[in-house]
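Take a look at the structure below.
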Amino acid sequence: MDLHDKEIVPGEILPVVIIGNGPSGICLSYLLSGYTPYLSPEASHPNPLLHSKLGEQPHLSLLEQDLEYLCEGLEGRSSNPVAVLFDSLLLPDSDFGLDHTSPLEWRYEPERAIPHLVLGKGPPGGAWHAMEGSMLTLSLANWMELPGLKLKDWMRDKRRNVRNDRATPAEIASYYQHYVSQMSLEQNFACGTTVTSVTRQPGSQDGAPPCWRVMGLQRREGEVLGDGSVSEEVPFSLLAHNVVLATGTHDIPARLGVEGESLPFICHSFWELEAAISRGELDQSSDPVLVVGAGLTAADAVLAAHHLNTPVYHVFRRSVTDPGLIFNQLPKLLYPEYHKIHQMMTQQQYRPSPPPQDHAQNLHDRSTPSSPSSLPPSSSTTSSSPSSYPGYLSFPRHRVVAFRPDQKCVLESDSGQRTVVQVSKVLVLIGAHPNLSFLDDNGRPLGVSPKETITCRRNPIEVDPFTNNVVAADGPGMYAMGPLVGENFVRFLKGGALAIASDLAKRQGEGWGKEEGGFTADRLMDKWVDRQVTTQTKEEVCVVDS
């Protein structure tokens, strides 16, 4: 959908604007488009208590039921209760590697649809498109699929030879893009858009209610302009009763903030490693690659280097037994490659000899050789161990102190002991921050810790656990979902979509948005999609075409 050649009647207020077109925004769009989950009359759930609760009012859709009541007593791998509930209904007992049939049936009820608009910088799928070209594969296990379209079935239709549980990130991105088309959601998506401002708009004297103003730019492509370029950015401005923050957290790579981090051999993206590999810069004769971080992306980098027999130093701040470590949360059967990484982290730890008294002043004297295999025998498990992984060495409970121009890195243990290692390349993969520059103070006031930067793990946006309403928003009708509220896995971010869709449906039933004349999907979308801009737009027209 092109915003620059459509308009809404001056003062028209959209019911919902979703900022972000990744899996979070796509799933919410599906639920807001009239696709409604019910308990199937013939189905059963392996959790008898949950099945009994669902059977109390089988005529009601899941969107109409008391989600807090249904969540009581459920346990899962997410701290968000509705995420655990919806995951349990979509993929019963999947943590045990079981493939139970979902007790839900989906009905298309267009009268339930709530008009909405999904804004995204690229095509539907969000950050998954930035992962295209990855040589690594991801576990399927149905965890990345969205309701109504089985990922494995789509994979079988797409290619003849399907390995049981593997898909590339590019295929996942293609699945999400196809999903939007398959479910006829395209009319709700405006791609190529960058949101620059979201502010609370006070009510007007003529009775218009308070709402949210969303402003930004949309990229126009496909025509040669006067200066020879083929694209330009056109401003737009929208009014909305409700705004959903679903941008994800992959916009800005997190940095260590240490000396030398801008040196050319320091990378902050897995894809920079892939580029170096494709250029032939790394092989078994290279100095070690230093990987900093203990998340799945860092594990992917270790795997990529290890497959080339390139030596790897792996630095992370947690203990290998820390329950917060992601590898301690993943089922071993479904993620064998990450279980292998955890084994490597555990069995190939750097264990330094007792340091001399002047170790802090003589870092060069404490330098380790350039290859892990040449470290002193006391520094790691021996290569004769059947579980040994030659060429890999982990540094648990260590941090990077500084990078030096001669490609040496200073590491420090939590006891204060320092070690210097020689490396060929460094990958700092410690997560990413969302780009919330369109919010006041980059969205910090919305976080659990209002003075800190918003991050997925340490400081997510604080929301009501059963509605996903943003607690510290400037007014009602602001929601957040996905990684912004701490959900990094697609299987769990779908719960945020359920919570928001349920709350919107209940608020709509209570009279929200019923200003004079009301609104319907057909009425609003006709105005949005079909009305061509034929005259100079006025100040209050929502979309400007210049």
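Just add 138 to the spot in the sequence shown (first one is 1) and you have my numbering.
The beta carbon of each residue, even a glycine, is placed where N, CA and C say it ideally should be.
1. Quick one: is residue 425 buried, meaning 16 or more other Cβ sit within 10 Å of its Cβ, or exposed?
2. Going along the chain, which residues of its own chain have a beta-carbon closer than 6 Å to the beta-carbon of residue 165, five neighbours each way excluded?
3. Grab me the residues of residue 446's own chain with a C-beta within less than 8 Å of its C-beta, minus the 5 sequence neighbours each way, in chain order.
4. Based on the DSSP output, what are the partners of residue 533 in its beta bridges?
5. In the DSSP output, what is residue 335 paired with across the bridge?
6. When you compare only the Cα positions, how much space is there between residue 158 and residue 323?
7. Exposed or buried, which one is residue 554 when buried takes at least 16 other CB atoms within 10 Å?
8. Less than 8 Å separating the beta-carbons of residue 533 and residue 476?
9. How long is the line joining the alpha carbons of residue 318 and residue 262, rounded to whole angstroms?
10. Kindly confirm or deny that the region 349 to 356 and the region 328 to 336 touch, where touching means at least three C-beta pairs closer than 8 Å.
11. DSSP three-state call for residue 317: helix, strand or coil?
12. What does residue 391 pair with, by DSSP beta-bridge criteria?
13. With distances taken from CA atoms, which of 405, 348 and 187 is nearest residue 211?
14. Given this structure, state the Cα-to-Cα distance separating residue 599 from residue 404, to the nearest angstrom.
15. Can you tell me which residues form a DSSP beta bridge with residue 429?
16. For the pair the region 544 to 559 and the region 584 to 593, tell me if three or more CB-CB distances fall below 8 Å.
17. Leaving out five residues before and five after residue 457 in sequence, what residues of the same chain have Cβ atoms less than 7 Å from its Cβ?
18. Which term fits residue 250, buried or exposed, when burial requires 16 or more other beta carbons within 10 angstroms of its beta carbon?
19. Quick one: is residue 291 buried, meaning 16 or more other Cβ sit within 10 Å of its Cβ, or exposed?
20. Kindly list the residues whose CB is nearer than 7 Å to the CB of residue 522, restricted to its own chain and excluding five residues on each side of it in sequence; keep chain order.
21. Using only CA atoms, which one of 435, 628 and 440 lies nearest to residue 428?
Inspection of the coordinates gives the following:
1. Residue 425 should be labelled buried.
2. Once the five neighbours on either side are set aside, the close Cβ partners of residue 165 are 284, 632 and 635.
3. So the qualifying residues of the chain are 415, 420, 421 and 422.
4. Note: residue 533 sits in a beta bridge opposite 453.
5. Assignment of beta-bridge partners to residue 335 by DSSP yields 353.
6. Cα to Cα, residue 158 sits roughly 14 Å from residue 323.
7. Counting C-beta atoms within 10 angstroms of its own C-beta, residue 554 has fewer than 16 neighbours from the protein chains shown and is therefore classed as exposed.
8. No, the pair does not count as a contact, with Cβ atoms beyond the cut-off.
9. Cα-Cα distance, rounded: 7 Å.
10. Three or more Cβ pairs closer than 8 Å define a contact, and the region 349 to 356 meets that threshold against the region 328 to 336.
11. The answer is helix: DSSP assigns residue 317 an H, G or I state.
12. Partner residues in the beta bridge of residue 391, as assigned by DSSP, are 570.
13. Cα-wise, what sits closest to residue 211 is 187.
14. Rounded to the nearest angstrom, the two C-alpha atoms are 30 Å apart.
15. Residue pairing by DSSP places residue 429 opposite 452 and 565 in a beta bridge.
16. Contact between the region 544 to 559 and the region 584 to 593 is absent, because fewer than three Cβ pairs lie under 8 Å.
17. Result list for residue 457: 534 and 535, in chain order.
18. Buried, by the Cβ-count rule.
19. Exposed.
20. Residue confidence for residue 522 is low, a pLDDT of 39 falling below 50, so the modelled location carries little weight; the figure read from the coordinates is stated next. There are no such residues.
21. Nearest option by C-alpha distance: 440.
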